[in-house]
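Below is one structure; the comments refer to it alone.
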Amino acid sequence: MALIVQKYGGTSVGDTERMKNVARRCIAAQAAGHDVVVVVSAMSGETNRLLKLVSQITDRPNEREQDVVVATGEQVSIGLVALAIQAQGAKATSFLGHQVQIVTDSTFAKARIKRIEAERIVEALKQKHIVVVAGFQGQDEQGNVTTLGRGGSDTTAVALAAALKADACEIYTDVDGVYTTDPNVCPAARKLDRISYEEMLELASLGAKVLQIRSVEFAMKYKVPLWVKSSFSDDPGTLVCEEDKSMENVVVSGIAYEKNEAKLAISGVPDMPGVAAKIFGILDAQNIVVDLIVQTASRDGKTDVSFTVGKTDLSKAREAVEQVAREIKAGGVETDSDVAKISIVGVGMRNHSGVAAKMFQVLSQEGINIQVISTSEIKVSCLVQSKYTELAVRALHTAFGLDKPSTVG
Ligand code: ADP
Ligand code: ASP
Ligand code: MG
6 MALIVQKYGG
16 TSVGDTERMK
26 NVARRCIAAQ
36 AAGHDVVVVV
46 SAMSGETNRL
56 LKLVSQITDR
66 PNEREQDVVV
76 ATGEQVSIGL
86 VALAIQAQGA
96 KATSFLGHQV
106 QIVTDSTFAK
116 ARIKRIEAER
126 IVEALKQKHI
136 VVVAGFQGQD
146 EQGNVTTLGR
156 GGSDTTAVAL
166 AAALKADACE
176 IYTDVDGVYT
186 TDPNVCPAAR
196 KLDRISYEEM
206 LELASLGAKV
216 LQIRSVEFAM
226 KYKVPLWVKS
236 SFSDDPGTLV
246 CEEDKSMENV
256 VVSGIAYEKN
266 EAKLAISGVP
276 DMPGVAAKIF
286 GILDAQNIVV
296 DLIVQTASRD
306 GKTDVSFTVG
316 KTDLSKAREA
326 VEQVAREIKA
336 GGVETDSDVA
346 KISIVGVGMR
356 NHSGVAAKMF
366 QVLSQEGINI
376 QVISTSEIKV
386 SCLVQSKYTE
396 LAVRALHTAF
406 GLDKPSTVG
């Protein structure tokens, strides 16, 4: 007998018929002899709806109160899924984050899980209940409601799987696995049978929202066998697992895009020690995550510094940076939300040269201008105007030989 954690995303619990389908799947897993813990997201569109309500009140919400609002979506789902399981004749109990308990830090809207005290889950499993846990939410040491960032139910599921030493964690979503790129953007995308934790971590951090990045970090750290599957089919899906030798033969294994970043540019920055530390220190103090950073060559003792932040942090970042710009006597601050980051990823890049050059060539052939470039051992990212996202992804997908056989040539 195994312990399995299953997670169902927003589309999979999008209406009550789909919830009944989830209930059937959980009961089937239990009937196959397993203990089943099921993590559910809010019904599709619900978290966006709640965020919109918040934005109708204020454009700079207090994040503690915002979390109180957005955490409610998952409460409705767990109650309904538990009822659906009971209606089909099995035993079920639902738990909110604070009931489990999922203890996080106090970084509202993007809290990190510190520990899970799962005694109530273990107890309910012993009584042969299917345990239904709210994704995305936890509570901090002071008992405040927190949420884990968009897509955070994936992380709830993997963290629970690690805490319970589950035999597998299955993420059920609206696609039947991890693809070479987003299948909704590139029809030629190919489903992968396996992908290494490291590549999945890069793809997730570069925008492939099929798994939240922290869920992959947890899976990698605690060696949780992680499956991505469809809740609408019986396809075996994709296994996210340790890297093996064969994976290194593939130079580029996936392409990701991120449209949720915005660029800030500070012109006329004095070129002297301590200035970058000051700019980025103030952003860090406000928990703003900075992504791509470029500094131009110094001319007359001045440089231009550009960087990207998440779109939701843009107004907060702009305010902070304008203040620093005044203090250091820099020129102006400009922002651009009309950007997208396109990235190619592959562990095979470590042993192959010319990958970045090929990416730049493909983008130039399509007439796409590159605004910022960033590389690491296993990825190359380019910031481009957002209207070119689909074109760039498809062209790179073909150029790096990732297209499905039927669509090649
Ligand atoms: P859920 O609501 O189930 O958590 P998400 O919308 O968060 O689902 O994630 C699934 C979506 O991720 C897919 O519909 C697809 O558009 C997108 N996606 C992006 N990159 C990939 C990829 N490489 N493989 C599969 N899906 C991807
Ligand atoms: N409901 C949350 C969101 O939409 C969490 C999740 O679905 O994973 O981001
Ligand atoms: Mg998701």
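Taking this note's numbering, the leading residue of the sequence shown gets 6, the next gets one more, and so forth.
Even for Gly, the Cβ is constructed at its ideal location relative to N, Cα and C.
Practice task
Indicate the three-state DSSP secondary structure (helix, strand or coil) for Gly414 in the structure shown.
Solution key: Position 409 of the sequence shown holds residue 414. For Gly414, the predicted model reports a pLDDT of 45, less than 50, meaning its position is unreliable; a value from the coordinates is still stated below. Looking at Gly414 - three-state DSSP - the assignment turns out to be coil, as it is neither helix nor strand.
Exercise for the section: With a cut-off of 8 Å on the beta carbons, I'd call Gly14 and Ser158 a contact; round off their distance for me. Expected result: Within the sequence shown, numbered from 1, the residue matching residue 14 stands at position 9. Within the sequence shown, numbered from 1, the residue matching residue 158 stands at position 153. Yes, they are in contact, since the Cβ atoms of Gly14 and Ser158 sit about 7 Å apart, within 8 Å.
Exercise for the section: Taking 8 Å as the threshold, find out whether the region 113-122 comes into contact with the region 77-87 through three or more Cβ pairs. Expected result: Not touching, per the Cβ criterion.
Practice task
Can you grab the Cα-Cα spacing for the pair Ala194 / Gln370, in whole Å?
Solution key: As a first step, residue 194 is located in the sequence shown; it is residue number 189 there, counting from the start. As a first step, residue 370 is located in the sequence shown; it is residue number 365 there, counting from the start. Here the alpha carbon of Ala194 sits roughly 21 Å from the alpha carbon of Gln370.
Practice task
Starting from Glu204, follow the beta strand (DSSP E) in both directions and report where the run begins and ends.
Solution key: Looking up residue 204 in the sequence shown gives position 199. According to the DSSP assignment, Glu204 belongs to no beta strand (DSSP E) but to the alpha helix (DSSP H) extending over Tyr202 to Ser210.
Practice task
Please state if the CB of Leu197 and the CB of Gly212 are separated by a distance shorter than 8 Å.
Solution key: Taking the sequence shown and counting its residues from 1, one reaches residue 212 at position 207. Taking the sequence shown and counting its residues from 1, one reaches residue 197 at position 192. Going by C-beta atoms, Gly212 is not nearer than 8 Å to Leu197.
Problem - the region 252-262 touching the region 339-358, judged by at least three CB pairs closer than 8 Å - result: Verdict: yes, contact present.
Practice task
Report the partner residues of Thr98 according to the DSSP bridge assignment.
Solution key: Residue 98 sits at position 93 when you count from the first residue of the sequence shown. Answer by DSSP bridge pairing, in chain order: Val136.
Problem - DSSP beta-bridge partners of Cys174 - result: Looking up residue 174 in the sequence shown gives position 169. Looking at the DSSP output, Cys174 shares a beta bridge with Val10 and Leu231.
Handout entry: Beta bridge counterpart(s) of Leu269 as assigned by DSSP
Key = Translated into positions along the sequence shown, residue 269 becomes position 264. Phe312 and Thr340.
Exercise for the section: Measure how close the beta-carbons of Val43 and Ile135 come, nearest whole angstrom, since I'm counting them as under 8 Å. Expected result: Against the sequence shown, residue 43 aligns to sequence position 38. Against the sequence shown, residue 135 aligns to sequence position 130. Between Ile135 and Val43 the Cβ distance is about 6 Å, and since that is below 8 Å, they are a contact.
Practice task
Flag this pair as yes or no: are the beta carbons of Ala167 and Val75 separated by less than 8 Å?
Solution key: The residue labelled residue 167 in the question sits at position 162 within the sequence shown. The residue labelled residue 75 in the question sits at position 70 within the sequence shown. Between Ala167 and Val75, the C-beta spacing is not below 8 Å.
Handout entry: Leu208 beta carbon near the ligand ADP (any heavy atom closer than 7 Å)
Key = For the purposes of this step, residue 208 is taken as residue 203 along the sequence shown, with counting starting at 1. Result yes, Cβ under 7 Å from the ligand ADP.
Exercise for the section: Leaving out five residues on either side along the sequence, give the residues of the same chain with a beta carbon under 8 Å from the beta carbon of Lys363. Expected result: Walking along the sequence shown from the start, residue 363 turns up at place 358. The answer, listed in chain order, is Ala404 and Phe405.
Exercise for the section: Using the DSSP secondary-structure output, state which residues sit across from Glu263 in a beta bridge. Expected result: Counting from 1 along the sequence shown, the entry for residue 263 is found at position 258. For Glu263, DSSP records a beta bridge to Lys346.
Practice task
Give the range of the beta strand (DSSP E) segment to which Cys387 is assigned.
Solution key: Indexing the sequence shown from 1 puts residue 387 at position 382. Cys387 -> beta strand (DSSP E) spans Lys384 to Gln390.
Exercise for the section: Label Arg30 either buried or exposed according to how many other C-beta atoms from any shown protein chain fall within 10 Å of its C-beta, with 16 as the threshold for buried. Expected result: The residue you call residue 30 lines up with position 25 of the sequence shown. It is buried - the Cβ of Arg30 has at least 16 other Cβ atoms within 10 Å.
Exercise for the section: Mark Gln35 as exposed unless 16 or more other C-beta atoms lie within 10 angstroms of its C-beta, in which case mark it buried. Expected result: The sequence position of residue 35 within the sequence shown is 30, counting from 1. Buried, because 16 or more other Cβ atoms sit within 10 Å of the Cβ of Gln35.
Exercise for the section: Look up Arg195 in the DSSP assignment and say whether it is helix, strand or coil. Expected result: Taking the sequence shown and counting its residues from 1, the one referred to as residue 195 is at position 190. When secondary structure is reduced to three states using DSSP, Arg195 falls in the coil class, being assigned neither helix nor strand.
Problem - C-alpha distance - Met65 paired with Leu56, whole-angstrom precision - result: Here residue 65 is taken as the residue at index 60 of the sequence shown, counted from 1. Here residue 56 is taken as the residue at index 51 of the sequence shown, counted from 1. Correcting the residue identity first, residue 65 is Arg in this sequence and not Met. Near 12 Å, if we compare the C-alpha coordinates of Leu56 and Arg65.
Practice task
Identify, in the order they occur along the chain, each residue of the same chain with its Cβ nearer than 6 Å to the Cβ of Tyr393, setting aside the five sequence neighbours on each side.
Solution key: Position 388 of the sequence shown, counting from 1, holds the residue named residue 393. Ile373.
Problem - Residues sharing a beta bridge with Cys246, DSSP - result: The residue you call residue 246 lines up with position 241 of the sequence shown. Residue pairing by DSSP places Cys246 opposite Ser201 in a beta bridge.
Problem - Validate contact between the region 233-242 and the region 277-294 using beta carbons, cut 8 Å, 3 pairs - result: The region 233-242 makes no contact with the region 277-294: fewer than 3 CB pairs, one atom from each, lie closer than 8 Å.
Problem - Three-state secondary structure (DSSP) of Arg155 - result: Residue numbering aside, residue 155 sits at position 150 when the sequence shown is read from its first letter. Coil at Arg155, not helix or strand.
Exercise for the section: Apply the 10 Å Cβ neighbour rule to Val294 and answer buried if 16 or more other Cβ atoms are within range, or exposed otherwise. Expected result: Your numbering for residue 294 matches position 289 in the sequence shown. The residue is exposed, with fewer than 16 neighbouring Cβ atoms inside 10 Å.
Handout entry: Member of Gln142, Phe100 and Ala114 whose CA lies at the smallest distance from the CA of Ile126
Key = Indexing the sequence shown from 1 puts residue 126 at position 121. Checking every option, the nearest Cα to that of Ile126 belongs to Phe100.
Exercise for the section: Give the range of the beta strand (DSSP E) segment to which Val41 is assigned. Expected result: As a working mapping, residue 41 is identified with position 36 in the sequence shown. Bounds of the beta strand (DSSP E) holding Val41 are Asp40 to Val45.
Handout entry: Check: Lys115 C-beta below 7 Å from any heavy atom of the ligand ZN
Key = By its list of ligands, the structure shown excludes the ligand ZN, since it contains just the ligand ADP, the ligand ASP and the ligand MG.
Problem - Paired residues, beta bridge with Asp145 - DSSP - result: Looking up residue 145 in the sequence shown gives position 140. Its beta-bridge partners are Thr109.
Practice task
Classify Thr380 as helix, strand or coil using the three-state DSSP reduction.
Solution key: Counting from one through the sequence shown, the residue named residue 380 turns up at place 375. Correct three-state label for Thr380: strand.
Handout entry: Inter-residue spacing [alpha-carbon to alpha-carbon] between Thr77 and Phe141
Key = Numbered from 1 along the sequence shown, position 72 holds the residue referred to as residue 77. Numbered from 1 along the sequence shown, position 136 holds the residue referred to as residue 141. Approximately 10 Å, taken between the alpha carbons.
Exercise for the section: Could you tell me which of Ser348, Ala270 and Val299 sits nearest to Glu324, measuring between CA atoms? Expected result: Against the sequence shown, residue 324 aligns to sequence position 319. Out of Ser348, Ala270 and Val299, the CA that lies nearest to the CA of Glu324 is found in Ala270.
Handout entry: Assigned exposure category for Leu407 - 16 Cβ within 10 Å defines buried
Key = Counting from 1 along the sequence shown, the entry for residue 407 is found at position 402. When all chains shown are included, Leu407 counts as buried.
Handout entry: Reduced DSSP category for Lys214 - H, G, I as helix; E, B as strand; rest coil
Key = In the sequence shown, the residue the question calls residue 214 occupies position 209. Lys214: coil per DSSP, three-state reduction.
Problem - Contact belief for Met225 with Leu206 at Cβ below 8 Å, rounded distance in angstroms - result: On the sequence shown, position 220 is the one that residue 225 refers to. On the sequence shown, position 201 is the one that residue 206 refers to. With 8 Å as the limit, Met225 and Leu206 qualify as a contact, their Cβ atoms being about 7 Å apart.
Problem - Helix, strand or coil at Gln91 [DSSP, three-state] - result: In the sequence shown, the residue the question calls residue 91 occupies position 86. Residue state for Gln91 is assigned as helix, using DSSP reduced to three classes.
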